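What follows is a set of notes on a single structure, which appears directly below.
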Amino acid sequence: MSGISSSVMVHTPNHPKIEPSILNKMKQEFTYWYPFDLRVSGKDLIQNHLTFSIFNHTAIMAKHHWPRGFRCNGHIMLNSEKMSKSTGNFRTLRQSIDEFSADATRFSLADAGDGVDDANFVFETANSAILRLTKEIAWIEEVLAAEASLRTGPPSTYSDRVFENEINIAVLTTKKNYEKCMFREALKTGCYDLQAARDEYRLSCGSGGMNRDLVWRFIDVQTRLITPICPHYAEHVWRELLRKDGLVVNAGWPTADSPDETLKAANKYLQDSIVLMRKLLQKQIMGSKKSNKKGAPAATLTEEKITGLIYVNEQFDGWKAECLNILKSKFDRNTGTFAPDGEILEALQKSSAGQDANFKKVQKLCMPFLRFKKEEAIAIGVQALNLKLPFGEIEVLQENSDLIKRQIGLELVEILSANDHDARAKAGSFSSLLDQNPPSPGQPTAIFLLSNR
Numbered sequence: 001m002s003g004i005s006s007s008v009m010v011h012t013p014n015h016p017k018i019e020p021s022i023l024n025k026m027k028q029e030f031t032y033w034y035p036f037d038l039r040v041s042g043k044d045l046i047q048n049h050l051t052f053s054i055f056n057h058t059a060i061m062a063k064h065h066w067p068r069g070f071r072c073n074g075h076i077m078l079n080s081e082k083m084s085k086s087t088g089n090f091r092t093l094r095q096s097i098d099e100f101s102a103d104a105t106r107f108s109l110a111d112a113g114d115g116v117d118d119a120n121f122v123f124e125t126a127n128s129a130i131l132r133l134t135k136e137i138a139w140i141e142e143v144l145a146a147e148a149s150l151r152t153g154p155p156s157t158y159s160d161r162v163f164e165n166e167i168n169i170a171v172l173t174t175k176k177n178y179e180k181c182m183f184r185e186a187l188k189t190g191c192y193d194l195q196a197a198r199d200e201y202r203l204s205c206g207s208g209g210m211n212r213d214l215v216w217r218f219i220d221v222q223t224r225l226i227t228p229i230c231p232h233y234a235e236h237v238w239r240e241l242l243r244k245d246g247l248v249v250n251a252g253w254p255t256a257d258s259p260d261e262t263l264k265a266a267n268k269y270l271q272d273s274i275v276l277m278r279k280l281l282q283k284q285i286m287g288s289k290k291s292n293k294k295g296a297p298a299a300t301l302t303e304e305k306i307t308g309l310i311y312v313n314e315q316f317d318g319w320k321a322e323c324l325n326i327l328k329s330k331f332d333r334n335t336g337t338f339a340p341d342g343e344i345l346e347a348l349q350k351s352s353a354g355q356d357a358n359f360k361k362v363q364k365l366c367m368p369f370l371r372f373k374k375e376e377a378i379a380i381g382v383q384a385l386n387l388k389l390p391f392g393e394i395e396v397l398q399e400n401s402d403l404i405k406r407q408i409g410l411e412l413v414e415i416l417s418a419n420d421h422d423a424r425a426k427a428g429s430f431s432s433l434l435d436q437n438p439p440s441p442g443q444p445t446a447i448f449l450l451s452n453r
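Taking UniProt numbering, the leading residue of the sequence shown gets 1, the next gets one more, and so forth.
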């Protein structure tokens with residue numbers, strides 16, 4: 001390395017033939033650009049100049065000036081076909097902007113794919129982006145015009161807490177996705193998932209209405225999260241609708257509290273339970289009557305009032321509890337693996353369930369349950385082997401009984417313990433259904449009763 005290069009890159013004493021002021025400017029210019037944060041190039045260049053770029057930097061520069069990151073991407077396809085001028089399957093950037101707009105083009109490019117697989121720019125996605133962004137602007141204008149009708153005060157309801165938690169999750173996960181240059185995932189978490197959480201919140205609030213502070217936070221956060229992908233849309237919302245000062249690109253990333261994973265799990269349980277109850281209702285009462293609309297309330301399908309008795313068993317017991325305790329004792333948390341199946345089966349045979357006279361009959365039920373719980377524990381962790389869920393199922397369902405009634409079309413709903421004899425008696429002659437389809441943690445059972453209007 002020459003004396004001048006050493007002075008600039010390694011900060012050795014100034015070169016005697018160059019004025020210190022000039023050399024200092026050269027040093028400032030070098031330290032401004034190095035180390036560079038990211039270099040992006042096609043996957044076909046990994047084996048040549050991208051690799052040699054690493055070699056050259058490590059050979060010449062000190063470690064603190066080495067590149068901080070490289071990003072490789074695939075080629076781009078157009079509507080799932082290779083771009084080719086000869087076939088006419090081709091678009092220039094200018095043509096795409098003229099046809100779809102800059103933001104819709106950027107939206108579709110972000111949605112085209114992550115990683116080194118070939119990205120797929122789809123015209124339908126670009127057109128859908130135009131509709132999605134336009135629809136979102138219309139919703140924001142509508143909700144801000146009717147701001148006085150929104151519920152005031154701090155977030156207080158179950159739906160408020162869930163929505164606030166979903167916003168926090170979106171902020172943190174989208175930040176991680178952007179930092180990893182996973183733009184498709186960032187679009188999913190910062191736009192699709194966040195808007196889906198908003199739609200679920202609107203539905204959950206019912207006649208009580210949405211909380212004003214949460215609505216404002218949602219609009220603010222969503223605008224900031226989508227700014228890197230759709231800056232023109234974001235600036236319009238920021239300046240014209242939210243009336244904020246300055247540019248959204250200078251507003252910074254939104255802050256967020258740590259997500260409440262238990263609350264997230266409880267809400268998933270609630271939504272899954274509603275889907276399950278709708279299926280049970282269709283099976284028990286509707287019979288062959290099919291809804292023309294997916295998820296239509298039962299009230300639109302029958303002339304009678306419907307009472308829903310939802311039975312919950314919050315803790316595994318009997319042979320299921322034995323199986324879970326055995327699996328927990330045979331699970332290695334460090335490696336996330338279980339002991340051999342033979343060792344687990346031997347432990348089951350030695351357990352109280354294994355000593356039962358009807359063990360051979362029970363064993364046929366144990367094996368698929370063990371297999372299911374093993375797969376679940378490997379996927380999400382040892383908490384899958386707990387005897388209870390980390391939240392109170394009865395409490396969650398009771399707090400959201402109005403939502404359940406609206407979603408399924410019930411006149412009345414009662415949340416009951418399957419272990420309560422008096423509660424089981426409310427089902428009358430239908431109580432046998434609890435034996436045919438017994439509830440378990442995470443899997444409630446519902447019995448529906450009809451009465452004339």
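Even for Gly, the Cβ is constructed at its ideal location relative to N, Cα and C. Note that this is a predicted model, so its numbers are computed, not measured.
Next on the checklist: So, for E235: in the same chain, excluding its five sequence neighbours on each side, which residues have a beta-carbon less than 7 Å away from its beta-carbon?
Outcome noted: Contacts found: L247 and V248.
Next on the checklist: Let's test the definition: count the other Cβ atoms within 10 Å of the Cβ of D103 and tell me whether it reaches 16, buried, or not, exposed.
Outcome noted: D103 should be labelled buried.
Next on the checklist: One question on the structure: do E393 and E314 come within less than 7 Å of each other, judged by their Cβ atoms?
Outcome noted: Yes, these two residues count as a Cβ contact at 7 Å.
Item to check | As assigned by DSSP and simplified to three states, the class of T445 | outcome: In the three-state reduction of the DSSP assignment, T445 falls in the strand class.
Checklist entry - What is the DSSP secondary structure of G428, reduced to helix, strand or coil? => result Of the three classes helix, strand and coil, the one that applies to G428 here is helix, per DSSP.
Next on the checklist: Taking DSSP's pairing of strands, which residues face I408 in a bridge?
Outcome noted: DSSP lists no partner for I408.
Checklist entry - In terms of alpha-carbon separation, which member of L263, N73, S41 and L324 lies closest to V396? => result Answer by Cα proximity: L263.
Next on the checklist: Which residue wins for smallest C-alpha separation from K320, given the options L365, T335, S273 and T92?
Outcome noted: If we check each option's Cα against that of K320, L365 comes out closest.
Checklist entry - Going straight from the alpha carbon of T307 to that of L387, what length do you get? => result Roughly 30 Å between the two C-alpha positions.
Checklist entry - Can you name, in chain order, every residue of its own chain whose Cβ lies under 6 Å from the Cβ of I169, other than the five neighbours on each side? => result Around I169: P259.
Checklist entry - Does the distance from the C-beta atom of A347 to that of I326 stay below 7 Å? => result The answer is yes: Cβ separation under 7 Å.
Checklist entry - Which word fits K373, buried or exposed, when buried means at least 16 other C-beta atoms lie within 10 angstroms of its C-beta? => result It counts as buried.
Checklist entry - What number of angstroms, rounded off, separates the C-alpha of F90 from the C-alpha of G74? => result C-alpha of F90 to C-alpha of G74: approximately 17 Å in a straight line.
Item to check | Whole-number beta carbon distance between A425 and S432, since they are thought to touch under 8 Å | outcome: About 12 Å separates the beta carbons of S432 and A425, which is beyond the 8 Å limit, so they are not a contact pair.
Item to check | Distance between beta carbons of F183 and A110, contact taken as under 8 Å | outcome: Indeed, because the Cβ distance is near 4 Å, the residues count as touching under 8 Å.
Item to check | Endpoints, alpha helix (DSSP H) assigned at L109 | outcome: Annotation for L109: the continuous alpha helix (DSSP H) segment containing it runs A102 to D111.
Checklist entry - Are the CB atoms of P439 and V312 nearer to each other than 7 Å? => result A contact, by the Cβ cut-off of 7 Å.
Next on the checklist: Rounded to whole angstroms, what is the Cα-Cα separation between Q383 and G336?
Outcome noted: Between Q383 and G336, the C-alpha separation is close to 12 Å.
Item to check | DSSP beta-bridge partners of L450 | outcome: Note: L450 sits in a beta bridge opposite I306.
Checklist entry - Hey, would you say I226 sits closer than 7 Å to C191, going by beta carbons? => result Going by C-beta atoms, I226 is nearer than 7 Å to C191.
Item to check | Of the listed residues S204, Y201 and L241, nearest to D220 (C-alpha basis) | outcome: With distances taken between Cα atoms, D220 lies closest to L241.
Item to check | T173 and T189 closer than 7 Å at C-beta | outcome: Judged by their CB atoms, T173 and T189 are nearer to each other than the 7 Å cut-off.
Checklist entry - From the beta carbon of G442, is the nearest beta carbon of chain D less than 7 Å away? => result Protein chains in the displayed structure number just one, and chain D is not present.
Checklist entry - What's the call for R278, buried or exposed, on a 16-neighbour Cβ count within 10 Å? => result So R278 ends up on the buried side.
Checklist entry - Taking all protein chains shown into account, do 16 or more other C-beta atoms lie within 10 angstroms of the C-beta of Q95, making it buried, or fewer, making it exposed? => result It counts as exposed.
Checklist entry - Short check: CB of N120 to CB of A112, under 7 Å? => result Yes. Within cutoff.
Checklist entry - From R68 to F36, what distance separates their C-alpha atoms? => result Cα to Cα, the separation comes out at about 6 Å.
Checklist entry - Is it the case that the Cβ atoms of P254 and V171 are separated by a distance below 7 Å? => result One thing to note: P254 has its Cβ within 7 Å of the Cβ of V171.
Checklist entry - Cα separation between D199 and Q47? => result Whole-angstrom Cα-Cα distance: 47 Å.
Item to check | Contacting residues, own chain, Cβ-Cβ under 8 Å from S288 (five flanking each side not counted) | outcome: Per-residue confidence for S288 stands at a pLDDT of 40, beneath the threshold of 50, marking its modelled position as unreliable; the derived number appears in the next sentence. Excluding residues within five positions, none has a Cβ falling inside 8 Å.
Checklist entry - Which one or two residues does DSSP pair with D332 in a beta bridge? => result Its beta-bridge partners are T337.
Checklist entry - For A197 versus E164, is the C-beta spacing smaller than 7 Å? => result In this structure, the beta-carbon distance from A197 to E164 does not fall below 7 Å.
Item to check | Cβ contact check for the stretch 13 to 32 and the stretch 57 to 64: 3 or more pairs under 8 Å | outcome: As far as the Cβ criterion goes, the stretch 13 to 32 does not touch the stretch 57 to 64, which means the pair count is below three.
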